[in-house]
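Chemist: Dropping the structure in here first, questions after.
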Amino acid sequence: MKKSMLALGLLMVTSACDGSGMAEVKQPSLGGPQPVLFEKQWNAGLERNEPKLQVQKLEENIVVIRQSLLTNFESPFMYLLLGDEKALLIDTGASDVGLRKAVDGILDKWQLERNLKPLSLIVMHSHGHGDHVYGDSAFKDRPNTTIVGHSVDDVKQYFGLSDWPEGSSSIDLGGQEAVIFPAPGHHDSHLMIHPKGTQYLLTGDSVYPGRLYFRCDRIGQFKNTIDKIGRYAEANGIKWALGTHIEMKNVPGETFSPQDNKRPNEHLLELPSSIFADISAALSETFDAPVVKAYDYFVLFPHPADPRGKTPPNWCAS
């Protein structure tokens with residue numbers, strides 16, 4: 012889905028969903044909660060000299076990168092998993108903000124500290140929407156780098172997901188393994204990733220503190236994905252879901268508008284694994300008549316295949 016097609020509808024529904032109808036910089040006063048998993052709060056567009064990218068470690072071998080709100084309202088999060096032989100970059104952002112230089116710097120430091128040979132880099136995507144693939148071109152001429160396509164056929168072939176949308180596969184990075192799951196619903200080729208041996212699930216645009224977009228006629232597919240991943244999370248000790256955006260305020264049910272490029276009091280990026288059951292219950296509640304509806308930590312945002320001439324929240328029925 013091209014989010015630009017939903018811009019008008021989103022602006023019309025925002026008020027109904029907001030409760031009313033590797034750079035070192037000085038940390039601004041964000042007014043939000045203290046992070047559970049990260050050393051610092053994420054930059055939220057509050058300082059004019061905010062760097063284009065903010066880099067924080069989740070673990071020694073898991074790096075999280077956020078694109079600044081001052082460069083693009085989507086402000087996506089990207090993930091870099093580091094092994095002894097390979098590195099896996101998940102998503103490339105919404106515009107050209109120097110991601111390749113940042114990734115190269117992280118890899119150089121990692122290799123030097125561990126006396127490793129240069130790692131090969133795999134560039135993959137949580138899904139194929141533009142705010143997650145724009146930066147691919149910066150890596151096309153990078154040596155020892157593979158860019159995975161983002162169609163269903165591309166990801167099925169590269170990751171060996173022959174039972175799509177069921178099953179899973181894994182990538183051995185050397186000392187770290189990443190488990191890859193089909194997760195269609197938000198996007199046909201959506202994937203989720205579990206850095207094996209951790210309590211984290213990287214959930215892309217399917218689960219994050221914000222507007223969960225899916226087509227009205229694919230609510231069943233989206234719910235199947237949420238239920239499947241929820242079962243995996245419970246069986247494998249997953250405690251945290253980490254997505255690719257923050258759109259919720261740190262106030263239950265309230266969201267920021269896309270025009271808000273300064274977002275004090277953002278919700279945390281990390282969500283407890285109980286969020287899978289919460290989303291599933293919300294989908295069950297609205298299954299027969301999908302509707303845009305805000306909950307404490309997310310907004311269900313079903314949309315018609317062609318939203319032109321239709322307005323939320325009940326535009327699935329129109």
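For the sequence shown, the working numbering assigns the number 12 to the initial residue and increments by one for each residue that follows. Glycine included, every Cβ here is placed at the ideal spot set by N, Cα and C. The structure presented is a predicted model; accordingly, all values stated were derived computationally and were not measured.
#1: The alpha helix (DSSP H) with G231 in it runs from where to where?
#2: Looking at the secondary structure, which residues open and close the beta strand (DSSP E) in which I257 lies?
#3: Which residue comes first and which comes last in the beta strand (DSSP E) that contains E70?
#4: Indicate whether the contact test is met: 3 or more Cβ pairs, each with one atom in the segment 53–60 and one in the segment 274–281, closer than 8 Å.
#5: Since I believe W251 is in contact with Q210 (beta carbons under 8 Å), could you give me their beta-carbon distance rounded to a whole number of angstroms?
#6: Distance check for F267 and F84, CA to CA, integer angstroms please.
#7: Tell me whether L223 sits in a helix, a strand or coil according to DSSP, three-state version.
#8: Can you name the start and end residues of the beta strand (DSSP E) that T214 belongs to?
#9: Cutting at 7 Å between CB atoms, please list the residues of its own chain near Q67, excluding the five before and the five after it.
#10: Starting from H314, follow its DSSP beta bridges and name the residues at the other end.
#11: What are the boundary residues of the beta strand (DSSP E) that includes H205?
#12: Report the three-state DSSP secondary structure of S291 (helix, strand or coil).
#13: According to DSSP, is A252 part of a helix, a strand, or is it coil?
#14: Just the Cα atoms here: how many angstroms apart are P176 and K234?
#15: Quick one, which of I191, I257 and G185 has its alpha-carbon nearest Y169's?
#16: Figure out for me which residue from Y90, D238 and E71 has the closest Cα to the Cα of Q78.
Modeler: According to the data block:
#1: Per DSSP, the unbroken alpha helix (DSSP H) holding G231 starts and ends at I230 to A246.
#2: Here I257 belongs to no beta strand (DSSP E), and DSSP marks it neither H nor E.
#3: From DSSP, the beta strand (DSSP E) with E70 extends over L64 to E70.
#4: Contact between the segment 53–60 and the segment 274–281 is present, because at least three Cβ pairs lie under 8 Å.
#5: With 8 Å as the limit, Q210 and W251 qualify as a contact, their Cβ atoms being about 6 Å apart.
#6: Whole-angstrom Cα-Cα distance: 10 Å.
#7: Of the three classes helix, strand and coil, the one that applies to L223 here is strand, per DSSP.
#8: That run of the beta strand (DSSP E) goes Y211 to G215.
#9: Closer than 7 Å at Cβ, skipping near neighbours: F49, E50, K51 and V75.
#10: In the DSSP output, where bridge partners are listed per residue, H314 has R226.
#11: Element bounds for H205: L202 to P206.
#12: Under the three-state reduction of DSSP output, S291 falls in the helix class.
#13: Three-state DSSP puts A252 in a strand.
#14: For P176 and K234, the gap between their C-alpha atoms comes out near 13 Å.
#15: Nearest option by C-alpha distance: I191.
#16: The shortest Cα separation from Q78 among Y90, D238 and E71 belongs to Y90.
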